[in-house]
Amino acid sequence: MRMVFRWFGEGNDTVTLEQIRQIPGVEGLVWALHRIPTGEEWPADEIRKVKRQADEYGLHIDVVESLNVHEDIKLGLPSRDRYIENYQKTMEKLAGVGVKVICYNFMVVFDWIRTDFYRELEDGSRGLFYERAKIQRMDPEELLEMYSSQYTLPGWDPGRSKEKLVSLIERYRWLTEEALWDNLRYFLEAVIPMAERLGIRMAVHPDDPPWSVFGLPRILKNREDLRRLLRLVDSPCNGITLCSGALGVDPKNDVAGMVREFADRIPFAHIRNVTVYENGDFIESSHRDGSLDLWEIVKAYHDCGFTGYVRPDHGRQIWGEEGRPGYGLYDRALGIMYLWGLWDALEKAGRR
Ligand code: DNO
Numbered sequence: 004m005r006m007v008f009r010w011f012g013e014g015n016d017t018v019t020l021e022q023i024r025q026i027p028g029v030e031g032l033v034w035a036l037h038r039i040p041t042g043e044e045w046p047a048d049e050i051r052k053v054k055r056q057a058d059e060y061g062l063h064i065d066v067v068e069s070l071n072v073h074e075d076i077k078l079g080l081p082s083r084d085r086y087i088e089n090y091q092k093t094m095e096k097l098a099g100v101g102v103k104v105i106c107y108n109f110m111v112v113f114d115w116i117r118t119d120f121y122r123e124l125e126d127g128s129r130g131l132f133y134e135r136a137k138i139q140r141m142d143p144e145e146l147l148e149m150y151s152s153q154y155t156l157p158g159w160d161p162g163r164s165k166e167k168l169v170s171l172i173e174r175y176r177w178l179t180e181e182a183l184w185d186n187l188r189y190f191l192e193a194v195i196p197m198a199e200r201l202g203i204r205m206a207v208h209p210d211d212p213p214w215s216v217f218g219l220p221r222i223l224k225n226r227e228d229l230r231r232l233l234r235l236v237d238s239p240c241n242g243i244t245l246c247s248g249a250l251g252v253d254p255k256n257d258v259a260g261m262v263r264e265f266a267d268r269i270p271f272a273h274i275r276n277v278t279v280y281e282n283g284d285f286i287e288s289s290h291r292d293g294s295l296d297l298w299e300i301v302k303a304y305h306d307c308g309f310t311g312y313v314r315p316d317h318g319r320q321i322w323g324e325e326g327r328p329g330y331g332l333y334d335r336a337l338g339i340m341y342l343w344g345l346w347d348a349l350e351k352a353g354r355r
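This is the structure:
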């Protein structure tokens with residue numbers, strides 16, 4: 004397993020590259036040009052700048068998260084070809100600086116969804132929280148407001164107005180899940196051959212949470228969906244960002260089982276824990292505590308001889324740390340040490 008750490012870029016992150024390189028076993032950054040609106044081509048000079056910054060600290064930039072997919076592609080509009088072309092041009096530039104994995108998602112309108120940025124756990128630490136009853140009461144505009152008020156969270160389009168949001172949701176009302184699958188296939192048929200040529204592995208992030216919210220279609224929720232995704236274009240470059248937390252909030256999802264089944268198509272793994280309550284609410288807890296058995300999950304990767312990239316994904320807000328919810332330094336660093344602890348123990352036991 005190759006440990007990497009998400010960095011939002013200079014001036015856009017409370018965590019510094021100096022801090023990142025001091026976390027044991029971290030070899031590279033997970034990055035993106037967050038300032039560039041979805042659908043636009045990423046400027047070469049800005050890409051090179053990130054490369055230079057990472058080089059200075061001995062970190063690589065092999066993993067991009069995310070190169071987001073424009074809504075017109077997900078909607079299957081005629082304008083999608085223009086956005087796919089931009090996507091391909093960015094892929095070429097990324098290959099030029101050595102990028103190996105591109106994480107993206109096919110969630111419509113909203114990326115990952117939580118109802119509270121902070122909910123206190125028993126020990127006073129705070130984690131991202133999802134409350135089912137609250138989301139049923141909320142309308143999408145409220146969620147937009149929450150997500151654009153204090154922090155812009157990754158995957159969220161900060162420039163999106165309420166009017167745009169409402170009309171976008173309206174368009175999806177007419178899109179069935181089958182049509183969304185067709186649009187995903189169209190996208191993959193365009194980008195996977197390109198990825199093969201460039202030596203890049205595309206890795207789709209599953210839906211988070213893995214169920215429909217606000218009645219919008221969601222198609223990457225479970226093992227069956229992931230199987231179907233891999234079959235759409237059968238290439239090693241058509242892969243998955245297997246996210247234990249996103250999939251694991253549905254108790255029916257056996258994450259370790261999915262690791263074992265899809266191992267050779269997982270270039271990138273997000274490993275974190277969640278506590279799922281009986282009513283279906285969930286909170287992002289520490290890597291060691293929660294409803295998921297990270298030992299089982301890490302063991303599955305280890306048994307499969309996993310050599311892909313891993314990030315600890317999110318962490319709680321602890322020790323008074325402020326900043327972007329889920330993306331502080333301390334708890335993600337602790338999470339990494341837990342993952343290494345499990346991994347190293349498996350390695351050593353295997354040698355005996
Ligand atoms: C949040 C995330 C998502 C993720 C994208 C991947 O922390 O895991 O924003 O990056 O959905 O495309």
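Numbering (our numbering), first residue to last: 4 to 355.
We put the beta carbon where it would ideally sit given N, CA and C, even for glycine.
### Task
Answer with buried or exposed for Gln391, where buried requires no fewer than 16 other C-beta atoms within 10 angstroms of its C-beta.
An answer regarding residue 391 cannot be provided, because it is not within the stretch 4 to 355 covered by the chain.
### Task
Give the DSSP bridge partners of His290, in chain order.
BP columns for His290 are empty, so no partner.
### Task
Using 10 angstroms around the beta-carbon of Val169, count the other beta-carbons present and answer buried if the total reaches 16, otherwise exposed.
exposed
### Bounding residues of the beta strand (DSSP E) (the contiguous stretch that carries His273)
Phe271 to His273
### Task
Enumerate in chain order the residues of its own chain whose CB-to-CB distance from Asp228 is below 7 Å, with the five nearest sequence positions on each side excluded.
Ile222
### Query
Is Phe265 closer than 8 Å to Leu245 when the C-beta atoms are compared?
yes
### Query
If we count Cβ pairs, one from each stretch, closer than 8 Å, do we get three or more for the stretch 236-244 versus the stretch 196-203?
yes
### Query
In terms of residues, what are the limits of the beta strand (DSSP E) holding Gly242?
Asn241 to Cys246
### Query
Looking at C-alpha atoms only, which residue of Tyr133, Thr118, Trp184 and Ile321 is the closest neighbour of Val236?
Trp184
### Query
Does the count of Cβ pairs from the stretch 39-50 and the stretch 326-344 closer than 8 Å reach three?
no
### Task
Provide the residue span of the alpha helix (DSSP H) that contains Asp296, from first to last.
Taken as a continuous stretch (DSSP letters only), Asp296 belongs to no alpha helix (DSSP H), as it is neither H nor E.
### Message
For a test of the three-state rule: what should DSSP assign to His317, helix, strand or coil?
### Response
coil
### Query
With respect to 7 Å, is the separation between the Cβ of Gly331 and the closest non-hydrogen atom of ligand 1 below this value?
no
### Task
Can you say whether Pro270 is buried or exposed, counting buried as having 16 or more other CB atoms within 10 angstroms of its CB?
buried
#### Entry: Inter-residue Cα distance where the pair is Gly99 and Arg5
21 Å
### Anticipated Cβ contact below 8 Å, Trp45 with Leu32, distance rounded
Contact flag wrong, Cβ pair sits at about 15 Å.
### Task
Hey, could you find the ends of the alpha helix (DSSP H) Asp119 is sitting in?
It is not in any alpha helix (DSSP H) - Asp119 instead sits in the beta strand (DSSP E) that spans Asp119 to Glu123.
### Message
The beta strand (DSSP E) that contains Glu3, what's its start and end?
### Response
Residue 3 lies beyond the residue range present for the chain, which begins at 4 and ends at 355; the question has no answer from this structure.
### Interface flag, Asp126 vs chain D, CB-CB below 8 Å
The structure shown contains no chain D, having only a single protein chain.
#### Entry: Whole alpha helix (DSSP H) elements within the stretch 153-233, 4-residue minimum
165-175 and 180-201
### Task
May I ask you to list the residues that DSSP assigns as paired with Phe265?
None, per the DSSP bridge assignment.
### CA-to-CA distance, Thr179 to Gly218, given in whole angstroms
11 Å
### Task
Would you check whether ligand 1 has a heavy atom nearer than 7 Å to the C-beta of Tyr107?
yes
### Task
Following the continuous alpha helix (DSSP H) through Leu78, name the residue where it begins and the one where it ends.
Glu74 to Leu78
### Task
Could you say if the stretch 100-110 and the stretch 294-307 meet the contact criterion of at least three C-beta pairs nearer than 8 Å?
no
### Task
Pick out whichever of Val207, Arg176, Ile172 and Tyr175 has its Cα sitting closest to the Cα of Arg188.
Val207
### Message
For a test of the three-state rule: what should DSSP assign to Trp346, helix, strand or coil?
### Response
helix
### Task
Over the uninterrupted beta strand (DSSP E) stretch that includes Met141, give me the two end residues.
Run containing Met141: none; DSSP gives neither H nor E here.
### Message
Quick check: the Cα distance between Gly353 and Ala303, rounded to an integer number of angstroms?
### Response
13 Å
### Message
Comparing C-alpha positions only, which one of Pro315, Lys54, Gly308 and Ile321 sits nearest to Ile64?
### Response
Lys54
#### Entry: For Leu137, the nearest candidate out of Glu125, Asp284 and Asp347 (CA to CA)
Note on identity: in this sequence residue 137 is Lys, with Leu being the wrong assignment. Of Glu125, Asp284 and Asp347, the residue nearest in Cα terms is Asp284.
### Task
Check whether the Cβ atoms of Glu350 and His317 sit closer than 8 Å, and answer yes or no.
no
### Task
Report the option in Trp346, Ser289 and Tyr341 whose CA atom is closest to the CA atom of Arg319.
Ser289
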